[in-house]
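Residue 618 in my numbering sits at position 170 of the sequence shown, with consecutive numbering throughout.
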Amino acid sequence: MTSCKIADFQSETPELPAFATSAADAGFSWIADHFSNTNGAFSNIAVKDLTNLTLAHFYWNYPQIGFLYLQTLLLKQEENGSFGDLRETARAISCLSAAYSYLETHSGGMDNNDLMTARGNAISYLLTHRADWSENLYDTVYILAALADAGIFEEELSLDLCENDSPDRQQPGTTALILTALQKQKNLGKFSEAADFMIFEFISEKLKLLVSVRENGFWKYTATSNLVLQAFVLCNQKHIAMESLPWITESQKENGSWENDLNTTSLSLLTL
449 MTSCKIADFQ SETPELPAFA TSAADAGFSW IADHFSNTNG AFSNIAVKDL
499 TNLTLAHFYW NYPQIGFLYL QTLLLKQEEN GSFGDLRETA RAISCLSAAY
549 SYLETHSGGM DNNDLMTARG NAISYLLTHR ADWSENLYDT VYILAALADA
599 GIFEEELSLD LCENDSPDRQ QPGTTALILT ALQKQKNLGK FSEAADFMIF
649 EFISEKLKLL VSVRENGFWK YTATSNLVLQ AFVLCNQKHI AMESLPWITE
699 SQKENGSWEN DLNTTSLSLL TL
């Protein structure tokens, strides 16, 4: 199979500047001050927020706190293997996959088998509801990404995203989610050469489109901008994300949060 890199873009990995690290420290302090686990407060956090919080703490090497969020997430799994609806279940699968990878390379107090059992049950739930995967675009992209994170190749849905592109999918956040799902599937290296090249062309075109609609370093909303920047990083366009680093830190509030919102703050920490 021919290995395709995004045309006309660089793929160097610049060093994270000190001001970004300081912004992250302030963000984690805000989370710690407002979302301690006193009286089981973590149990009131939604699955979406728990997955982002878990990943942010692991990626920034705060494993003890990350484990607390992860354990809370596992408690939300239902008997049928789901974590709520299809989208939330997909989010949880991606989180469990990343947590397992972290535990493979770092010491921790959690049994990896518990994670794999929980993830396996969640994947089984998704597979038994395959007929519903295409009913909602956002369900589709999160499911595609989750399957890829678990090492599961899904060709039909991936090609459908490329072949059935439409104007209502052109919003930056939507485009970013599509690119994230496709790039993760592409990274598995299982497409035919023709399909791989088609996806490569699609991703290249959409990345250039996202650059063209950027205004003053971002894409209108903080949450949207984070999704876009994470897509650029995943697609090996880190230098574009680095150009927006000043905007991310400048949009941070004095209290360390982004928009006084848990999800937006954890998304920003993931981007950094």
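By construction, the Cβ of each residue, glycine as well, lies at the ideal position given by its N, Cα and C atoms.
Check whether the Cβ atoms of residue i and residue j sit closer than 9 Å, and answer yes or no.
i	j	result
residue 621	residue 669	yes
residue 537	residue 573	yes
residue 614	residue 592	no
residue 563	residue 544	yes
residue 712	residue 704	no
residue 548	residue 511	no
residue 710	residue 501	yes
residue 625	residue 580	no
residue 475	residue 716	yes
residue 720	residue 472	yes
residue 524	residue 514	no
residue 585	residue 617	yes
Quick check on residue i: does DSSP put it in helix, strand or coil?
i	result
residue 648	helix
residue 602	coil
residue 457	Reliability fails at residue 457, whose pLDDT of 35 lies under 50, so the model's placement of it is uncertain and the value that follows must be treated cautiously. In the structure shown, residue 457 sits in coil (DSSP, three-state: anything other than H, G, I, E or B).
residue 702	coil
residue 639	coil
What span of residues does the alpha helix (DSSP H) with residue i cover, start to end?
i	result
residue 633	620-634
residue 470	466-482
residue 535	534-553
residue 496	495-507
residue 511	511-523
residue 567	560-576
residue 686	686-691
residue 714	710-719
Heavy atom of the ligand ADP less than 8 Å from the Cβ of residue i, yes or no?
i	result
residue 534	The ligand ADP is not part of the structure shown, which contains no ligands of any sort.
Please check the pair residue i and residue j, which I expect to be a contact at CB under 8 Å, by giving their CB distance rounded to whole angstroms.
i	j	result
residue 609	residue 630	6 Å
residue 541	residue 570	5 Å
residue 681	residue 671	Rounded, the Cβ-Cβ distance is 16 Å, inconsistent with contact.
residue 490	residue 516	7 Å
residue 546	residue 497	That belief does not hold up - the Cβ atoms of residue 546 and residue 497 are roughly 16 Å apart, past 8 Å.
Closer than 8 Å by C-beta to residue i: which residues in its own chain qualify, once you throw out the five before and the five after it? Chain order, please.
i	result
residue 665	691, 692, 694 and 695
residue 450	Model confidence at residue 450 stands at a pLDDT of 35, short of 50, so the residue's coordinates are unreliable; what they give is reported in the following sentence. Excluding residues within five positions, the ones whose Cβ falls inside 8 Å are 641, 644 and 645.
residue 718	500, 503, 504, 507, 674 and 678
For residue i, I'd like the list of residues in its chain whose CB is within less than 7 Å of its CB, leaving aside the five on either flank, ordered along the chain.
i	result
residue 660	none
residue 602	592, 595 and 633
residue 477	704
Leaving aside the five residues before and after residue i along the sequence, list all residues of the same chain whose C-beta is less than 6 Å from its C-beta, in chain order.
i	result
residue 518	502 and 547
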